[in-house]
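K.L.:
I'd like to ask you about the structure that follows.
There are 2 protein chains.
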Amino acid sequence: MVNEVQHTCSASSSSKSDGSSSGSESSKDNSRCSTPVLDTDRHERLREKMRRRQDAGDKWFSLEFFPPRTANAAVNLISRFDRMGAGGPLFIDVTWHPAGDPGSDKETSSMIIANTAVNYCGLETILHMTCCNQTKDDITGHLQKAKRLGLKNIMALRGDPAGEEWEEEVDGFNYAVDLVKHIRNEFDDYFDICVAGYPKGHPEAESYEADLRHLKEKVFAGADFIITQLFFRPETFLKFMKDCQAIGITCPIIPGIFPIQGYHSLRQLVKLSKLEVPQEIKDVIEPIKDNDAAIRNYGVELAVSMCRELLDSGMVHGLHFYTLNREVATTEVLKRLGIWKEDPRRPLPWAVSAHPKRRVEDVRPIFWASRPKSYIYRTQEWDDFPNGRWGNSSSPAFGELKDYYLFYLKSKSPREELLKMWGEELTGEESVFEVFTCYITGEPNRNGYKVTCMPWNDDPLATETNLLKDQLEKVNRRGILTINSQPNINGKPSTDPIVGWGPSGGYVFQKAYLEFFTSSEIVTALLKVLKKYELRVNYHIVNVKGQNITNAPDLQPNAVTWGIFPGREIIQPTVVDPVSFLSWKDEAFALWIEQWAKLYEEESPSRMIIQYIHDNYYLVNLVDNDFPLENCLWQVVEDTFELLN
Amino acid sequence: MVNEVQHTCSASSSSKSDGSSSGSESSKDNSRCSTPVLDTDRHERLREKMRRRQDAGDKWFSLEFFPPRTANAAVNLISRFDRMGAGGPLFIDVTWHPAGDPGSDKETSSMIIANTAVNYCGLETILHMTCCNQTKDDITGHLQKAKRLGLKNIMALRGDPAGEEWEEEVDGFNYAVDLVKHIRNEFDDYFDICVAGYPKGHPEAESYEADLRHLKEKVFAGADFIITQLFFRPETFLKFMKDCQAIGITCPIIPGIFPIQGYHSLRQLVKLSKLEVPQEIKDVIEPIKDNDAAIRNYGVELAVSMCRELLDSGMVHGLHFYTLNREVATTEVLKRLGIWKEDPRRPLPWAVSAHPKRRVEDVRPIFWASRPKSYIYRTQEWDDFPNGRWGNSSSPAFGELKDYYLFYLKSKSPREELLKMWGEELTGEESVFEVFTCYITGEPNRNGYKVTCMPWNDDPLATETNLLKDQLEKVNRRGILTINSQPNINGKPSTDPIVGWGPSGGYVFQKAYLEFFTSSEIVTALLKVLKKYELRVNYHIVNVKGQNITNAPDLQPNAVTWGIFPGREIIQPTVVDPVSFLSWKDEAFALWIEQWAKLYEEESPSRMIIQYIHDNYYLVNLVDNDFPLENCLWQVVEDTFELLN
């Protein structure tokens, strides 16, 4: 992440300063970086990343997925993106099936899946696109939409002709090269373009040599790199690569790796791609064709040894995996190759989005910390993203709540599971306190089920929150229903495995934060107690109607997480912002109803209990400004309970 | 400075959120502060400041000056602004003498003196302006120029008619009220307008009552407050104030206080203003008219007792002093009244400018720390000032060096004094090392003179630099010629008397910084040593030709001073910026020649020694990024000397 290169700028500087040896003038064309480069990745195009990794001798991998068939499968695929993204792929790609309405707004379309990967999972993504049997307008429309959604890379393919007796259309899109030319004509250098290479020659090509010439045409028309069709022997690829180089193809060529995962999927793939499985592989597989585990183990072994040979050749810097949307085999191959790199170090405390317009974004309100996808969704229409300071940007509004119920922002758990976690039947506010407490402690509820998610938290508790577990348990039991918190941190190394983020060599800091729902009775006592902490603790207290009590000076944002790094300006990625708190309040209160109350029958006591809390509780956030001292927020809560007794 | 008010925003919030009780939508008209309000003063108009101080029961004072006759007197007056500004006047004002070309660009004009007070001394300033015998175009021109220079307050006066037999001009500017109306017509609410009140009635008015009616007209035409002519008895003012209120004048009325400072100045003033000195004062003064000290002591006594009576009346919140450009008497009165408030606490580590367009400015490169007026001058054409982050702003260039030799940026000391400090005759580089060393230690040089300033530092060493004195002495003796430095600070309270700044309740931090000229021999060794400190120390090393060696990542700025405050975003007021370092380099090298070499005859050995240093030395800056650890920069220098031995 650190990019500490010694620049010797004598060339450019002396040309500027020539003739000013007596210091008679200063340069007029000073240029400045527009934003501190915390994470080089966010500022580079895919082809630049590839080059940088290659120059650094740093091996990488990428992952191919196909779009899911159902909304449920989409939710699962997105979780897989998050999990496999953790291993550090250079990019993922999403295939395009003309029959499946790939450019539509359906939650399962190639376009929307690629959009999710980029924007919500922060993954560099290539969208496949085929051109055959499509009009120029259709194709331009797809490309424009892809650009609008923040997609920056296209894999340009011909696609399979619709009928058996395909004929070239005059002036139509007949080959991938036509699509490459079209993208470069219409979109200039905006997209990075990838094309397909066939180590054995395309099955429909006149010859292997003719196919190489076609590939060269695609590259010379503007493609930036090549991903190959799968193959079974390393020498197939290495020969292909040498042949490409021999005819003048110099761009990166990435071998497509297919770890064999089962007998049937292998047969299907071979049929589609018109490849032949070598005899030595057939000899192993046929006898074990009914033993899935044995085949997968063999597939992993085979892939590992082939990849090793490719990497050892010195000609291969990256490996592209055909995952078939499965996790286990590919992950195992990558781990055994040692190129699966789970870097616990985060560039920022929150997961960044890969949309180009969010490149400068480096500060967010803390409220959405456990619902980052919702935050991205609600701010997707913003033209500018706050950079350096939250308060600096102009004032774009948050997206309406009514259109935020995107399928992947919904709970991943089905209704029955939620009922087991949150209670089939609530008997009073105390039953709700219990749910919150079980979520914190990780202990089973009275019916023996663990509470692994809450309406405000998609995932189990963050490691960091565990630091506060004992205190959180205590206060939740008594009706301080916490939904967000962080401990104070006074200058821990940026490499700290729990609270660290950003480049190494830095120091990170936090102000203690606590956010919870609670009754108006507790709020009344709390407000009395807060007078004692007036300068030290900032608070915002709001109910669903928007009644708002705060001591924030001039409604300014309060930075609660910041980092100091070598050679950089201060980074302050999270703030408590009084204005966006009111937008978060709408969402936080709505979740009571939409995710919890609606599990129960209308008019049922359980539903009325949640509705009562929604209508009468306050949402409170507290910041202890004195980060070098011991967190006083627990004392504030303790004092409040004491006052009530 | 802290503005911790409890806002209860239920009104505005609930109106926004009405109808969203189920959280169905969020507000679209969120508004955000554009900048963290560290110092309320910078964001208020004069009339608002007055009101706030009055509401807080906080007594204040202001100071009147007239423009100087000579450039030397101007340099002295500006130093006086800095010294008297330290006592915390609410504003100063600069008088306008039509005969003296007051609107010109001369360094002694009213306009330019007021400009200097606002922009370079950071003082809220009122510019007087008279209208009689002037054309509308002239007046509009003056007002436009004042606005352009950042002046925000005008004292609208009639001025003395040119001839004895003055007659009203039809449609001309005959009275101050015409000027008030003109300002409001042409400039809307841009200026705060002050008008003059005459506690005894204007000498030319038909009657006291008629004069009160004229005053009311001026206020109703748009004046914001009134400053009165001087008077000798408190009851004169208090009666006047009651009479004003009785006819409906409700704006602030500020008594003009004239501490008697000498017999002749009193007689002259009385003659000009056509006032009569009360018998009881004459009785005291006449017998001691040749004893200046006695008269001044009496004047101070008299002013103190009159001011006390005014303040005790409860009707007076601020006092306006006619200083006659003198310091002692007024300062003494203010100190005895207890309203002279030297607040060592600074809103930012550097002195802020009062120009409205610099209101948001909160970050500067550290290089100009000892030459803030030069920095302001060289950035005066900028349209935007960096706020929050240095790197965020677009890239305006620094003003050319050739036009920066404004009179008040020149050394305040005459040539002879400089020669005594810096050496009548230099015998080699070592004589130069000695000058630097004497400046640091404060000890006399070999000829018995103290070195109280250097070309790069207008003033004696900052208290903060004293923290580093011993180390600085050691390295200067050996040819590391330091011109700027700061110690590392790891979270001292913002109220710390030496390194603190900003509102109370915060914590301030610094990275250690060292900037010096040194020979290429030392630079070669230094670069070898710096390899050992690669990640920890950032460096920029440049010679006059612009050869530049740095390890700054991507030429990004490095924040070296920052503060964390309750309820606010992070403030980082100083950075080491690689790009502006090249502009500073031009200035820093030029100062060798312009301020030092040119003291000596051309071709003289002394001049050649300075010229040699200018041509061959490097300007180096070092930042130790590890602010929580002990400053390693001294070790870096020590290692360098060791390597050389």
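Note that the protein sequences, when read in sequence, are chains A and B.
First residue of the first sequence? That's 1 in UniProt numbering, and the numbers climb one at a time after it.
First residue of the second sequence? That's 1 in UniProt numbering, and the numbers climb one at a time after it.
Don't be surprised by glycine CBs; every beta carbon is placed ideally from N, CA and C.
Just so it is clear, the structure is predicted and the values come from calculations on it, not from any experiment.
1. Pull up the CB-CB distance for Gly391/B and Pro557/B, whole angstroms please, since I reckon it's below 8 Å.
2. Compare the Cα-Cα distances from Leu555/B to each of Val579/B, Asn548/B, Gln572/B and report the closest residue.
3. What is the DSSP secondary structure of Met111/B, reduced to helix, strand or coil?
4. Is any beta-carbon of chain A found at less than 8 Å from that of Gly491/B?
5. Quick one: list the residues of chain A neighbouring Tyr600/B, beta-carbon separation under 8 Å, in chain order.
6. Answer with buried or exposed for Ser370/B, where buried requires no fewer than 16 other C-beta atoms within 10 angstroms of its C-beta.
7. Kindly list the residues whose CB is nearer than 8 Å to the CB of Arg184/A, restricted to its own chain and excluding five residues on each side of it in sequence; keep chain order.
8. List the residues of chain B whose Cβ lies closer than 7 Å to the Cβ of Gln572/A, in chain order.
9. Is there a Cβ of chain A sitting closer than 8 Å to that of Ala512/B, yes or no?
10. Name, in chain order, the residues that DSSP records as bridge partners for Pro241/A.
11. Could you say which of Pro287/B, Asp290/B, Thr323/B lies nearest to Val300/B if we only look at CA atoms?
12. Rounded C-beta distance between Ile257/B and Phe321/B? I'm assuming under 8 Å.
13. Please report whether the beta-carbon of Gln595/A lies at a distance below 8 Å from any beta-carbon of chain B.
14. Compare the C-beta of Arg346/B with all C-beta atoms of chain A and state if any pair is closer than 8 Å.
15. Give me the chain B residues within the contact set of Val575/A, using Cβ-Cβ distance strictly less than 9 Å, ordered along the chain.
16. Excluding five sequence neighbours on each side, which residues of the same chain lie with their C-beta closer than 6 Å to the C-beta of Val219/B?
17. Please report the residue range of the beta strand (DSSP E) in which Thr70/A lies.
18. If we call anything under 8 Å between Cβ atoms a contact, is Ile154/B one with Ala146/B?
19. Contact between the stretch 429–449 of chain A and the stretch 474–481 of chain A: three or more CB pairs below 8 Å?
20. Going along the chain, which residues of its own chain have a beta-carbon closer than 6 Å to the beta-carbon of Asn115/B, five neighbours each way excluded?
21. Does DSSP put Leu215/B in a helix, a strand or coil?
22. With respect to the alpha helix (DSSP H) encompassing Tyr533/A, which residues constitute its N-terminal and C-terminal limits?
23. Just the C-alpha distance for Arg213/B and Ile92/B, rounded to the nearest angstrom, thanks.
24. Would you say Ala462/B reaches chain A, if we count a Cβ-Cβ gap shorter than 8 Å as a contact?
25. For Gln635/A, which of helix, strand or coil comes out of DSSP?
26. Give me the chain A residues within the contact set of Asn558/B, using Cβ-Cβ distance strictly less than 7 Å, ordered along the chain.
27. DSSP three-state label for Ala397/A, please.
28. What does Lys492/B pair with, by DSSP beta-bridge criteria?
29. Here's the rule: buried if 16 or more other CB atoms are within 10 angstroms of the residue's CB, otherwise exposed. What is Asp626/B?
30. DSSP three-state label for Met155/A, please.
31. CA-CA distance, Gly57/B and Thr331/B?
32. Indicate whether at least one CB of chain A lies closer than 8 Å to the CB of Ala56/B.
33. What is the DSSP secondary structure of Asp101/B, counted as helix, strand or coil?
34. Please list the partners that Asn538/A has in chain B, where partner means a Cβ-to-Cβ separation under 8 Å.
35. Which partner residues of Thr518/A appear in the DSSP bridge assignment?
36. Looking at the unbroken beta strand (DSSP E) that takes in Ala146/B, where does it start and where does it end?
P.N.:
The answer reads as follows:
1. By 1-based counting over the second sequence, the position of residue 391/B is 391. By 1-based counting over the second sequence, the position of residue 557/B is 557. Right, the Cβ-Cβ distance comes to about 5 Å (below 8 Å), so this counts as a contact.
2. Within the second sequence, residue 555/B is the residue found at index 555, counting from 1. Checked all of Val579/B, Asn548/B, Gln572/B; the closest Cα to Leu555/B is Val579/B.
3. Taking the second sequence and counting its residues from 1, the one referred to as residue 111/B is at position 111. Met111/B falls in the helix class under three-state DSSP.
4. Indexing the second sequence from 1 puts residue 491/B at position 491. With 8 Å as the cut-off, Gly491/B counts as an interface residue toward chain A.
5. The residue given as residue 600/B occupies position 600 in the second sequence. Residues of chain A passing the Cβ test: none, with the nearest at roughly 16 Å.
6. Position 370 of the second sequence holds residue 370/B. Result: buried.
7. Here residue 184/A corresponds to residue number 184 of the first sequence, with the count starting at 1. If we look at Arg184/A and ignore the five residues flanking it on each side, its Cβ neighbours are Ile193, Ala221, Gly222.
8. In the first sequence, residue 572/A corresponds to position 572, counting from 1. Neighbours of Gln572/A on chain B, chain order: Glu569, Ile570.
9. Position 512 of the second sequence, counted from the start, is the residue given in the question as residue 512/B. For Ala512/B, the answer is no, since every Cβ of chain A falls outside 8 Å of its Cβ.
10. The residue labelled residue 241/A in the question sits at position 241 within the first sequence. Pro is not the amino acid found at residue 241/A; the sequence shown has Met there. Paired residues: none, contrary to the question.
11. Residue 300/B sits at position 300 when you count from the first residue of the second sequence. Taking only the C-alpha atoms, the option nearest Val300/B is Thr323/B.
12. Along the second sequence, read from residue 1 onward, the residue named residue 257/B stands at position 257. Along the second sequence, read from residue 1 onward, the residue named residue 321/B stands at position 321. The beta-carbon distance between Ile257/B and Phe321/B, rounded to whole angstroms, is 5 Å. This is short enough to meet the 8 Å contact definition.
13. For the purposes of this step, residue 595/A is taken as the residue at position 595 of the first sequence. No, Gln595/A lies away from the interface with chain B (no Cβ there is under 8 Å from its Cβ).
14. In the second sequence, counting from the first residue as 1, residue 346/B sits at position 346. With 8 Å as the cut-off, Arg346/B does not count as an interface residue toward chain A.
15. Numbered from 1 along the first sequence, position 575 holds the residue referred to as residue 575/A. Residues of chain B passing the Cβ test: Glu569.
16. In the second sequence, counting from the first residue as 1, residue 219/B sits at position 219. Once the five neighbours on either side are set aside, the close Cβ partners of Val219/B are Ile249, Cys251.
17. For the purposes of this step, residue 70/A is taken as the residue at position 70 of the first sequence. Thr70/A -> no beta strand (DSSP E), and no H or E assigned at all.
18. Within the second sequence, the letter at position 154 stands for residue 154/B. Within the second sequence, the letter at position 146 stands for residue 146/B. Cβ distance < 8 Å, so Ile154/B and Ala146/B count as in contact.
19. yes
20. Locating residue 115/B in the second sequence gives position 115, counting from the first residue. The answer, listed in chain order, is Leu149.
21. In the second sequence, the residue the question calls residue 215/B occupies position 215. Leu215/B sits in a helix when the DSSP states are folded into three classes.
22. If you number the first sequence from 1, residue 533/A lands on position 533. Where Tyr533/A is concerned, there is no enclosing alpha helix (DSSP H), given that its DSSP letter is neither H nor E.
23. Taking the second sequence and counting its residues from 1, the one referred to as residue 213/B is at position 213. Taking the second sequence and counting its residues from 1, the one referred to as residue 92/B is at position 92. Approximately 28 Å between the Cα atoms of the pair.
24. For this step, residue 462/B is matched to residue 462 along the second sequence. No - not a single Cβ of chain A is within 8 Å of the one on Ala462/B.
25. Along the first sequence, one-based indexing puts residue 635/A at 635. Correct three-state label for Gln635/A: helix.
26. Counted from its first residue, the second sequence places residue 558/B at position 558. In chain order: Gly567, Arg568.
27. Sequence index remark: in the first sequence, residue 397/A carries index 397 (1-based). Three-state DSSP puts Ala397/A in coil, outside helix and strand.
28. Residue numbering aside, residue 492/B sits at position 492 when the second sequence is read from its first letter. Answer by DSSP bridge pairing, in chain order: Val508/B.
29. Working through the second sequence from its first residue, we reach residue 626/B at position 626. Classification of Asp626/B: buried, given that the 10 Å Cβ count is 16 or more.
30. In the first sequence, the residue the question calls residue 155/A occupies position 155. Met155/A falls in the strand class under three-state DSSP.
31. Sequence index remark: in the second sequence, residue 57/B carries index 57 (1-based). Sequence index remark: in the second sequence, residue 331/B carries index 331 (1-based). Whole-angstrom Cα-Cα distance: 22 Å.
32. Translated into positions along the second sequence, residue 56/B becomes position 56. Output row for Ala56/B: interface = no.
33. The residue labelled residue 101/B in the question sits at position 101 within the second sequence. Judged by DSSP in its simplified three-state form, Asp101/B adopts coil rather than helix or strand.
34. Position 538 of the first sequence, counting from 1, holds the residue named residue 538/A. Per Cβ cutoff of 8 Å: Pro566, Gly567.
35. On the first sequence, residue 518/A is found 518 positions in, with the first residue counted as 1. Answer is Tyr618/A.
36. By 1-based counting over the second sequence, the position of residue 146/B is 146. Unbroken run through Ala146/B is the alpha helix (DSSP H), 136–148; no beta strand (DSSP E).
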